[in-house]
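Data first, discussion second: the structure below is written as structure tokens.
Residue numbers (the working numbering): 24 to 435.
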């Protein structure tokens, strides 16, 4: 049986059909899913993602001007001039344009410290390129398709520029985060880009979002993460994501802390007293948000130990507790997410399940015994009933996802 063409295969084939060049530069970056550690990244906390076998790939060749001409298999052709304002570019290509802007600023800042050789007047000019993009990552399923295109595009622009500055995993993540925050308008953390850039096959990655240090944690081969895409979609820019981030920052200030990373459960009583004097901080809401962050950080560190010891029952219990906390204290779950988690937990072979990603809609994950994945997928499909108060754009889709490698230049 012939395997389905990968995103890299399809990007290369599309490039050849349009630009008549069979040996373009080829880069790819994976999506990610978070095993545990949700809404802790922007609180300087801990997260535990895996990189996915689903990738976004770009095949490209440099062109002599500063234009980008790119064909997407799903969204058609886009063009822009690198020198234009990135927010002027419409649609999905704004991610690419934003990367060009953020990478240029990064390289010029490094040049100011003598780390690179800038062009005339201290300017670094990224080359334009002709390219084709393909992806395997289901959009809107909380699998970080946007981070994948940001990381892949950063690798491509950097490679074509021939810069002598090495980009670390944190560098790649910060460039992607600037695109999200300053070009796309989403106040996101660094989790998605760090996981896409630094994933390791067969391992989860513990990320300390304060100092961006990472630790590879072997993932037990006897278990598999199954992504449960409910087919519901949300737009984070229009959601309450920013409100959660603002409440956490205000609560940290009320406690005299730099971030909620340093908060403990003992701080909850102190917060109740401090919040009473802050008119814009609802004490009850703040308490629940802080409790989630504190307990989620503890769960994430406990999950690392359970994973390393192969204690799948304990890892599953921590995932269930995470979902309850996200649902009740952080209030970012939704009807479809709750329903699919409940259905998963009723199935044989499932150790635990939880919503994943920003929340409100999208996807959840389940930790499943590897030898029962096929029967689990059939069983959960039968058990899941889509809620009538949250319409879906697609039926439930299930994706068994082994931990995979991070971003790379496939063909220089």
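Even for Gly, the Cβ is constructed at its ideal location relative to N, Cα and C.
Nearest to residue i (by Cα), restricted to the options the options
{"i": "residue 203", "options": "116, 291 and 256", "result": "116"}
{"i": "residue 212", "options": "362, 69, 40 and 47", "result": "69"}
{"i": "residue 385", "options": "162, 97, 39 and 289", "result": "162"}
{"i": "residue 84", "options": "176, 109, 67 and 165", "result": "176"}
{"i": "residue 265", "options": "191, 200, 210 and 186", "result": "210"}
{"i": "residue 38", "options": "67, 100, 56 and 55", "result": "100"}
{"i": "residue 322", "options": "344, 336 and 333", "result": "344"}
{"i": "residue 237", "options": "253, 225 and 217", "result": "217"}
{"i": "residue 413", "options": "361, 315, 374 and 131", "result": "361"}
{"i": "residue 374", "options": "357, 405 and 329", "result": "329"}
{"i": "residue 364", "options": "408, 132 and 336", "result": "408"}
{"i": "residue 241", "options": "27, 427 and 31", "result": "427"}
{"i": "residue 229", "options": "431, 422 and 58", "result": "58"}
{"i": "residue 337", "options": "376, 32, 196 and 295", "result": "376"}
{"i": "residue 318", "options": "417, 346 and 118", "result": "346"}
{"i": "residue 131", "options": "88, 33, 110 and 184", "result": "184"}
{"i": "residue 381", "options": "353, 406 and 402", "result": "353"}
{"i": "residue 279", "options": "119, 293 and 422", "result": "293"}
{"i": "residue 120", "options": "102, 417, 129 and 133", "result": "102"}
{"i": "residue 270", "options": "257, 302, 254 and 133", "result": "302"}
{"i": "residue 401", "options": "383, 234, 423 and 411", "result": "423"}
{"i": "residue 341", "options": "378, 98 and 256", "result": "378"}
{"i": "residue 320", "options": "355, 289 and 284", "result": "284"}
{"i": "residue 40", "options": "88, 96, 86 and 67", "result": "96"}
{"i": "residue 225", "options": "331, 415, 359 and 410", "result": "331"}
{"i": "residue 80", "options": "410, 406, 339 and 28", "result": "28"}
{"i": "residue 256", "options": "34, 416 and 47", "result": "416"}
{"i": "residue 411", "options": "288, 253 and 109", "result": "253"}
{"i": "residue 452", "options": "166, 148 and 171", "result": "Residue 452 lies beyond the stretch modelled for the chain, which goes from 24 to 435, so this question has no answer here."}
{"i": "residue 187", "options": "110, 215, 239 and 129", "result": "129"}
Reduced DSSP secondary structure (H/G/I, E/B, other) of residue i
{"i": "residue 320", "result": "helix"}
{"i": "residue 87", "result": "coil"}
{"i": "residue 219", "result": "helix"}
{"i": "residue 420", "result": "strand"}
{"i": "residue 63", "result": "coil"}
{"i": "residue 57", "result": "strand"}
{"i": "residue 152", "result": "strand"}
{"i": "residue 432", "result": "strand"}
{"i": "residue 271", "result": "helix"}
{"i": "residue 399", "result": "helix"}
{"i": "residue 69", "result": "strand"}
{"i": "residue 408", "result": "coil"}
{"i": "residue 180", "result": "helix"}
{"i": "residue 355", "result": "coil"}
{"i": "residue 78", "result": "strand"}
{"i": "residue 173", "result": "helix"}
{"i": "residue 227", "result": "strand"}
{"i": "residue 263", "result": "coil"}
{"i": "residue 113", "result": "coil"}
{"i": "residue 329", "result": "helix"}
{"i": "residue 158", "result": "strand"}
{"i": "residue 252", "result": "strand"}
{"i": "residue 134", "result": "helix"}
{"i": "residue 385", "result": "coil"}
{"i": "residue 166", "result": "coil"}
{"i": "residue 205", "result": "helix"}
{"i": "residue 309", "result": "helix"}
{"i": "residue 315", "result": "helix"}
N- and C-terminal bounds of the alpha helix (DSSP H) containing residue i
{"i": "residue 393", "result": "Segment: none, residue 393 is in no alpha helix (DSSP H) and carries neither H nor E."}
{"i": "residue 346", "result": "335-351"}
{"i": "residue 37", "result": "30-42"}
{"i": "residue 187", "result": "Where residue 187 is concerned, there is no enclosing alpha helix (DSSP H), given that its DSSP letter is neither H nor E."}
{"i": "residue 198", "result": "192-201"}
{"i": "residue 364", "result": "358-368"}
{"i": "residue 296", "result": "290-298"}
Extent of the continuous beta strand (DSSP E) run through residue i
{"i": "residue 101", "result": "99-104"}
{"i": "residue 239", "result": "236-241"}
{"i": "residue 377", "result": "373-378"}
{"i": "residue 213", "result": "Premise fails: residue 213 is in no beta strand (DSSP E) and is neither H nor E."}
Integer-rounded CB distance, given that residue j should sit under 8 Å from residue i
{"i": "residue 74", "j": "residue 429", "result": "5 Å"}
{"i": "residue 286", "j": "residue 71", "result": "Rounded, the Cβ-Cβ distance is 19 Å, inconsistent with contact."}
{"i": "residue 249", "j": "residue 399", "result": "7 Å"}
{"i": "residue 425", "j": "residue 182", "result": "Their Cβ separation, rounded to whole angstroms, is 27 Å, which puts residue 425 and residue 182 out of contact at 8 Å."}
{"i": "residue 404", "j": "residue 419", "result": "6 Å"}
{"i": "residue 208", "j": "residue 173", "result": "Actually they do not touch by this definition, with Cβ atoms about 14 Å apart."}
Contact test: residue i Cβ vs the ligand GDP heavy atom, cutoff 7 Å
{"i": "residue 175", "result": "Because no ligand of any kind appears in the structure shown, any question about the ligand GDP cannot be addressed here."}
For the segment 78-94 against the segment 238-256, are there 3 or more C-beta pairs whose distance is under 8 Å? no
With three or more C-beta pairs closer than 8 Å as the rule, is the segment 301-311 touching the segment 264-284? yes
How do the segment 39-51 and the segment 199-217 stand: do at least 3 beta-carbon pairs fall below 8 Å, yes or no? no
So, does the segment 62-71 touch the segment 113-127, judging by three or more C-beta pairs under 8 Å? no
Three Cβ pairs or more, each shorter than 8 Å: is that satisfied between the segment 213-233 and the segment 147-155? no
Should the segment 365-374 be called in touch with the segment 390-408, which here means at least 3 C-beta pairs below 8 Å? yes
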